[in-house]
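Each number in this note's numbering corresponds to the 1-based position in the sequence shown with 1 added.
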Amino acid sequence: IRIVDPTTLETVFIEELDNNEAAFSVAILQFEKDQTSWYLCVGTVKDLILAPRSHSQGAIHVYKFAPDNKSFKLVHKTPVHDVPLAMTAFHKRLLVGVERYLRIYDLGKKKLLRKCENKNFPTTICSLDVKGSRIYVGDLCESFHLVKYKQSTKQFYLFADTTAPFYLTSRCLLDYNTVAGGDKFGNLVVARLPESVTAEKEEDPIGLQGKFGMGKLNSAANKLKPIVNYYVGEAMTCMQKTALVPAGPEVLFYATVMGGLGIFVPFQSREDIEFFSHLEMHLRQENPPLCGRDHLSFRSYYNPVKECIDGDLCEQFSALDFKKQRDIAEELMCTPQEVIKKLEEIRNRVL
């Protein structure tokens, strides 16, 4: 575990994990019991073998930062039964995903104290994001689950999940009701909670959740709806919502397992959507792939492509011969120069 100075990229402090331990997750937070200091929590596992899966012991190490934040010292270690793959700060406590258990820990004198637990997740929790009292849990094989923490009863309950399995490798929170994820087969999905799921429904006023109020398919009463499906072709290892130029629009930036980088750009007007969807349709017919594979079936390899236009295909317009360019432009009721200009506008808006 090392502290790196971001200005010089030099290692300021390093802590070696001994006894064949490996770190899998990390979180920096302030605990409610000690609001003057910052703590570093690291999820580790000892002697991990992936196949056949075995390990000696999982643990959560708690380190306390020095006042200058240039070093830290070990406070204590808390043993856990499996690999803590995800952890984050939550209301001045530590929220941890250990296998299929979601737990809240608070700081104790000799180890972390377990305050709350939910073990109703399908396989293994691999990601955690927090916004307010809502927790976005990413499952290794079963996509996203939305969890509410009820302070009065000190309980988690699951109020929304997805209907289709999704082997999550990366995710990004787009807004309070929308989350994007990439899976190990190379798909992108953007799922949104319907507006009908209001705060009153989240609060579960009759208190049936977890006892009798189990919904269909996975377990939750409400379902996230997929609003975008797209096959990228490579597993996405990370994903981030960011603006690439100052004061520019936010885009979804992703990196793939083969080292590729790409962006998904949101359209800003209905005219742009219609123009580029028609351009993509004509290019599918006029400029089929070299190997003869149907472009539509390629981008719909796992799920039918939905609400997403292939920019790589649209960029091939300028490489076509002039006759084809003119024919496509006539169908779009403009000139080839105007089509190229429109493509450049989209590119210059974000880069």
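Here a beta-carbon is modelled for each residue, glycine too, at the ideal position from N, C-alpha and C.
Under a three-way DSSP split, which group does Q152 fall into?
-> Taking the first residue of the sequence shown as 1, we reach residue 152 at position 151. Coil, per DSSP.
Measuring CA to CA, which of Q36, L114, L225 is closest to A165?
-> In the sequence shown, counting from the first residue as 1, residue 165 sits at position 164. With distances taken between Cα atoms, A165 lies closest to L225.
Could you check the C-alpha separation between I341 and F145 for me, to the nearest Å?
-> Start at 1 with the first residue of the sequence shown, and residue 341 comes out as number 340. Start at 1 with the first residue of the sequence shown, and residue 145 comes out as number 144. Rounded to the nearest angstrom, the two C-alpha atoms are 39 Å apart.
Find out if the Cβ-Cβ distance for the pair I61, T79 is shorter than 9 Å.
-> The sequence position of residue 61 within the sequence shown is 60, counting from 1. The sequence position of residue 79 within the sequence shown is 78, counting from 1. It is a contact, given that the beta carbons lie within the stated cut-off.
Pull up the distance between the alpha-carbon of T336 and that of V233, whole angstroms please.
-> As a working mapping, residue 336 is identified with position 335 in the sequence shown. As a working mapping, residue 233 is identified with position 232 in the sequence shown. Going by the C-alpha atoms only, they are around 30 Å apart.
Rounded straight-line distance, which links the Cα of F160 to that of A222 | Indexing the sequence shown from 1 puts residue 222 at position 221. Indexing the sequence shown from 1 puts residue 160 at position 159. If I take the Cα positions, the gap works out to 6 Å.
Cutoff 6 Å; reference F91; Cβ partners in own chain excluding five residues on either side = Within the sequence shown, the letter at position 90 stands for residue 91. Around F91: V131.
Entirely within the segment 130-198 and at least 3 residues each: give me those beta strand (DSSP E) ranges in chain order.
-> 135-140, 144-151, 156-162, 169-176, 179-184, 188-193
Under the three-state reduction of DSSP, which class applies to H296: helix, strand or coil?
-> In the sequence shown, residue 296 corresponds to position 295, counting from 1. Three-state DSSP puts H296 in a helix.
What three-state label does DSSP hand K74 in the structure shown?
-> Taking the first residue of the sequence shown as 1, we reach residue 74 at position 73. Three-state DSSP puts K74 in a strand.
Would you mind stating whether Y150 and S134 have Cβ atoms separated by less than 9 Å?
-> For the purposes of this step, residue 150 is identified with residue 149 of the sequence shown, where counting begins at 1. For the purposes of this step, residue 134 is identified with residue 133 of the sequence shown, where counting begins at 1. Contact: yes.
Closest by CA to M282, which one among F265, Q317, F323?
-> What you label residue 282 is simply residue 281 of the sequence shown in a count that begins at 1. When each option's Cα is compared against that of M282, the closest is Q317.
Closer than 7 Å by C-beta to R3: which residues in its own chain qualify, once you throw out the five before and the five after it? Chain order, please.
-> The count along the sequence shown starts at 1 and reaches residue 3 at position 2. In chain order, T12, F14, I15 place their CB closer than 7 Å to the CB of R3, counting only its own chain and leaving out the 5 sequence neighbours on each side.
Tell me whether S26 is buried or exposed, calling it buried when 16 or more other Cβ atoms sit within 10 Å of its Cβ.
-> For the purposes of this step, residue 26 is taken as residue 25 along the sequence shown, with counting starting at 1. It is buried - the Cβ of S26 has at least 16 other Cβ atoms within 10 Å.
Under three-state DSSP, which class holds I274?
-> Position 273 of the sequence shown holds residue 274. If DSSP states are grouped into helix, strand and coil, I274 belongs with the helices.
For S55, the three-state DSSP class (helix, strand or coil) = Along the sequence shown, read from residue 1 onward, the residue named residue 55 stands at position 54. Strand at S55.
Is it the case that the Cβ atoms of L253 and F265 are separated by a distance below 9 Å?
-> Looking up residue 253 in the sequence shown gives position 252. Looking up residue 265 in the sequence shown gives position 264. Contact: yes.
Can you tell me the Cβ-Cβ gap for G59 and V84, rounded? I've got them flagged as a contact below 8 Å.
-> Within the sequence shown, residue 59 is the residue found at index 58, counting from 1. Within the sequence shown, residue 84 is the residue found at index 83, counting from 1. G59 to V84, Cβ: 5 Å. Contact.
Report the rounded CA-to-CA distance for L95 versus Y137, giving the unit in angstroms.
-> Here the question's residue 95 lines up with position 94 in the sequence shown. Here the question's residue 137 lines up with position 136 in the sequence shown. Distance between the alpha carbons of L95 and Y137: 15 Å.
What residues in its chain sit with their C-beta under 8 Å from that of S1, if we drop five residues either side in the sequence?
-> The structure shown does not extend to residue 1, since the chain spans only 2 to 352, so no value can be given for it.
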